[in-house]
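*Asks:* So the sequence lines, in the order shown, correspond to chains A and B. Take the first sequence: its position 198, counting from 1, is numbered 198 in this note's numbering, and each next residue is one higher. Offset between the second sequence (1-based) and this note's numbering: plus 1000. For each residue, glycine too, the CB sits at the ideal point set by N, CA and C.
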Amino acid sequence: MKLTRRMIVVAIGAMAIAAQPLAAAAQNLPNNIRMVIGSTSTGGDTYQNASIVAEALSEQLGVNIKVDPVGTSEGLKALARDTRGNTIMLHHDQIYLSHLYGVPGNDDPFENFIIGPTVAINPGDSFLVPADSPYQTMEDILDAAEAGTQVRVAIQPGGVSEIGFTAMKNAARVRSPGSEANIVAVNTGSQADKNQAMWDGLADVINGSIQANEQFTQLGADDPKAMRFVWITARPQTLEQAPEAGMGDTTREEFLQYASPATSVTLDGTDDFAFDKEFFLLYNEEMDPAIMDAIDTALEKIYAEGEIQQRQSEAFFIPNFQPRDEALEHLSDKRDTVAGIIEQLKVE
Amino acid sequence: MDIFSLISPLFVALIVSGTFVGIIFGAIPGMTATMAVAVCLPLTYSLGLENGLALLLGLYVGGISGGTVPAVLLGIPGTPSSIATCFDAYPMAQRGEGEKALRISIIASLVGGLFSLIALYFFAPALADFAIRFSYVEKFLIIFFALTVMAALSSNMLLGIFSGFLGIFISLIGVYDVTDGGNGHYRLIPPGTEYWLDSGFSLLPVLIALFGLAAILEEAEKGMPRAKTASEIKVGAQSRFSFSVLKGQGRNLFQSSAIGTFIGILPGVGGSAASILSYTAAKTTSKHPEEYGKGSAEGIIATEAGNNALTGGALVPLLSLGIPGDSTTALLIGAFALQGVQVGPLFIGNNPETWNAMIVAMIIANVAMFIMMYFAIRWFAMVVTVPKYILYPVILMMCVIGAYTINYGIMFDVWTLLIFGIFGWLAIKIRLEIAPFIIGFILGPSAEIYFVKSLESFGDLTIFFTKSWIAVVLWVLIVASVVGSILMARRSKAMAEKI
């Protein structure tokens, strides 16, 4: 085909028109964006997710994005201070769960900030027992509570760790009202503290994660550090999207045995409780909507291209992009469900 | 597997450059090894796991070692793990033996680092199994033992202990965080200041303020002293460091390296506790405890061997349990996670290449650190010849930058620097003891968490005496340290009266 001057001008014009939305949005975008995260660790899943998303966004938008692990409180403060759009935040459900659990200083993020798009799910939230525990399943644990035996569960209060514990108590209450009093929390801190509580014999069950605890489940039964999974809180649909090889030496099929419906922790006697730990962005209320749109659009393109999904899957995350309207609706529903359970247990 | 196949030019270059950058980060007050690793972590994306770890481990070793430089020459701990270095190295430098103090520090650092590597390589799984026997009770007693140094460091024991408790009290300001298993409630915060004080005062700005800013204010009040010349600080051939200073220090080196390694393997206890504890133990077992705090080579050896031994020790729980031993190794988990590698009890067996690469990288980093610092000492030491009217503004600027960046840009940390700088200046006037204060401030939060958790977990106070044989041994050490301090204070008093 012969290229004429007119064709070149038309092509350039068409390209300019096609690129216009992003270019217009990019004009509003700051050159340097700080992505604060609600964790002070760079070793955890929040940093890992933030790094993957920041790198992809940075490339797509042509701006610098730096991840700063400042923690929830400092992250929210930084976000609240910056109306220009230079600061965005990435965190997970803990941000509203802390508010529901009444942790002081944690205001409602739905009221004070704008919920941005979701980006991924970590299906790894789990509960484990020592390898030589008498409890083989969650059924055994709930039976023990019903029979009057106290079951001590090591958790980090006020977040995703506690929601599983609350669900356990709720299931005990639904099965046999009053037995929930026998499911008691051992409030610890980090994963190291929870593991230590198990090794010290202070906890019968601990909250953990597939990523951090799977190797302990592969140790010989005579090893004092050996553990067994009893429950994975993720929805089965979520786990089904995990890599088939699973994580470490445990396959996806094996993980599914610890999740609903194979392992049932009832929500109301009919349905099971399941909870996906979801990562999403948060924006300052007064941030220019054009910047939010630009980030949403860029993420939509990134997820349409598909490379980010591969990176997230390799790290055992489930890619889960939802634009901010959908994310707001979805997370609001999720918040309402868990708020109901938490509220019921509070009254009692 | 051929271990030498790992040593590619890129691998070595990354370790050496990491060590170099780490030394610079450590040497600037307020910049830490943790920060150096955090800044470079995203680079590991493109480097691959082994090369990425080479860079990060170089930064780690360099960062911990670099903290020695300002501690020795300026009396400002570059990192919290260099705190105890200030106690003896700075007085030695003030005597005009800065080069000697630096060389002692570097040699002790190398020995501590290599000792901990040997322990890591041969005993990692066994040490991790031993470490899990340390519950909240034993960890509290270790912190308690380290706190006994408050009395030993004071020129007036009663004032020293009071200062130490004041440090603990101020360290408890803020929320008892739910992430530490606390209740998330505010305490000791004046109404209206919750926004700024919910996380309390950050350690590093307080540390820099009390050791750096307060001293600058003090000197500013007196009038700037004349800078020392190169010959006065004995930088030059006439004050060549002699290895004879290490004669008879084998036990001290071994003991301190062992303590540092051991503290490293206990998750959460940290580098500052390692150096303080090594110092306390060395002083308790020394034939010349009266020389400590006045420029004792033994004291420098103890703290530097202890804090560098932490590097290998902290990798033990990381690689054997998947649990970081300190804040910097917590960042290394990030490097593994970004490459999709799971760290845990099967890591060493499943990833022999990465394991060997890490050991090789640590050995090269320690040797590189030694060569770089040992032969550059003369240039480092020259810093004290810079006129104070030039040096102090530069230090002040570095202190402010360090304070601002430590928590990724929180302005309140700069205010903390100012508040505690003025507090430190006033404290000197009313004879509060700064060293016990800062030790109380560093160790207070850990002491609280482990004490509260011990009581929550085990029910009553008797558990501190009955939990295990480890607890009994720790009590013996605590009593020995306290009695030693009292006897030493009496002897000093008697000697003073004779004179």
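1) Starting from Leu1213/B, trace the alpha helix (DSSP H) both ways and give me its first and last residue.
2) Taking just the CA atoms, how far does Phe127/A sit from Ala327/A?
3) Kindly indicate if chain B contains any beta-carbon less than 8 Å away from that of Met168/A.
4) On the DSSP letters alone, give me the boundaries of the alpha helix (DSSP H) that Glu55/A sits inside.
5) Is the shortest distance between the beta-carbon of Glu214/A and the beta-carbons of chain B less than 8 Å?
6) Of all the CB atoms in chain A, is at least one closer than 8 Å to the CB of Ser1199/B?
7) Specify the secondary structure class of Ala131/A as computed by DSSP and reduced to three states.
8) Anything in chain B within Cβ reach of Val103/A, meaning under 7 Å, just list it in chain order.
9) I'd like the ranges of any beta strand (DSSP E) spanning at least 3 consecutive residues and lying wholly in the stretch 234-302 of chain A.
10) What does DSSP give as the partner residues of Leu352/A in its beta bridges?
11) Residues of chain B with a CB under 8 Å from the CB of Tyr283/A: which are they?
12) What's the call for His1185/B, buried or exposed, on a 16-neighbour Cβ count within 10 Å?
13) Using a Cβ-Cβ cutoff of less than 6 Å, which residues in the same chain neighbour Ala1365/B once the five nearest sequence positions on both sides are dropped?
14) With a CB to CB cut of under 8 Å and the five nearest residues on each side skipped, what residues in its chain are close to Lys1498/B?
15) Considering only the beta carbon of each residue, do Ile1301/B and Ser1256/B sit closer than 8 Å?
16) Should His1288/B go down as buried or exposed, given a rule of 16 or more other Cβ atoms within 10 Å for buried?
17) Starting from the Cα of Ala1314/B, find the closest Cα among Pro1445/B, Ala1274/B, Tyr1292/B and give me that residue.
18) What are the partner residues of Gln322/A, as DSSP defines its beta bridges?
19) Select from the stretch 296-326 of chain A all residues with a C-beta closer than 7 Å to any C-beta belonging to chain B, and list them in chain order.
20) Considering just the uninterrupted stretch of the alpha helix (DSSP H) at Ile1333/B, what are its terminal residues?
21) Is it buried or exposed for Gln1249/B, if we count other Cβ within 10 angstroms and need 16 for buried?
22) With Asn1449/B as the anchor, note down where its beta strand (DSSP E) starts and where it stops.
23) Any idea which residues DSSP pairs Gly1174/B with across the strands?
24) Quick one: what's Lys66/A bridged to in DSSP?
25) Three Cβ pairs or more, each shorter than 8 Å: is that satisfied between the stretch 1467-1486 of chain B and the stretch 1255-1271 of chain B?
26) Ordered along the chain, which non-local residues of its own chain (more than five positions away) have a Cβ less than 6 Å from that of Pro1205/B?
27) Report all residues from its chain with a CB closer than 6 Å to the CB of Glu1433/B; omit the five preceding and five following residues, and keep chain order.
28) For a test of the three-state rule: what should DSSP assign to Gly1250/B, helix, strand or coil?
29) Thinking C-beta only, is Gly1260/B closer than 8 Å to Thr1310/B?
30) Please say whether Ile302/A and Gln48/A have beta carbons closer to each other than 8 Å?
31) Just to confirm before moving on: does the CB-CB distance between Gln150/A and Asn182/A stay below 8 Å?
32) Give me the subset of the stretch 188-200 of chain A whose CB atoms are less than 8 Å from a CB atom of chain B, sorted by chain position.
33) Please give the ranges of any alpha helix (DSSP H) in the stretch 1084-1172 of chain B, keeping only runs that are unbroken, at least 4 residues long and fully inside the region.
34) Output needed for Arg1491/B: all residues of its chain with C-beta closer than 8 Å, excluding positions within five of it in sequence on either side, in chain order.
35) If you scan the stretch 1253-1319 of chain B from start to end, which runs of the alpha helix (DSSP H) of 4 or more residues do you find wholly inside it?
36) Checking contacts by CB at 8 Å: is Leu345/A closer than that to chain B?
*Replies:* If we stick to the structure as given:
1) Leu1213/B -> no alpha helix (DSSP H), and no H or E assigned at all.
2) 27 Å
3) no
4) 45-61
5) yes
6) yes
7) coil
8) Val1178, Gly1184
9) 277-284
10) Residue 352/A is absent from the structure shown; chain A starts at 1 and stops at 348.
11) Those do not exist, as Tyr283/A stays about 19 Å from chain B at its closest Cβ, beyond 8 Å.
12) exposed
13) Ile1015, Thr1019, Leu1057, Gly1058, Val1061
14) none
15) yes
16) exposed
17) Ala1274/B
18) Thr118/A
19) Glu314, Ala315
20) 1327-1338
21) buried
22) It should be pointed out that residue 1449/B corresponds to Ile in this sequence rather than to Asn. Not the beta strand (DSSP E): Ile1449/B falls in the alpha helix (DSSP H), residues 1434-1458.
23) Arg1187/B
24) Arg34/A
25) no
26) Ala1403, Asp1413, Thr1416, Leu1417
27) Ser1154, Leu1159, Gly1160, Ser1163
28) helix
29) The question names Thr, but residue 1310/B in the sequence shown is Leu. In this structure, Gly1260/B lies closer than 8 Å to Leu1310/B by Cβ.
30) no
31) yes
32) Thr188, Gly189, Ser190, Gln191, Ala192, Asp193, Asn195, Gln196, Ala197, Trp199, Asp200
33) 1098-1131, 1136-1147, 1149-1153, 1157-1171
34) Glu1290
35) 1271-1285
36) no
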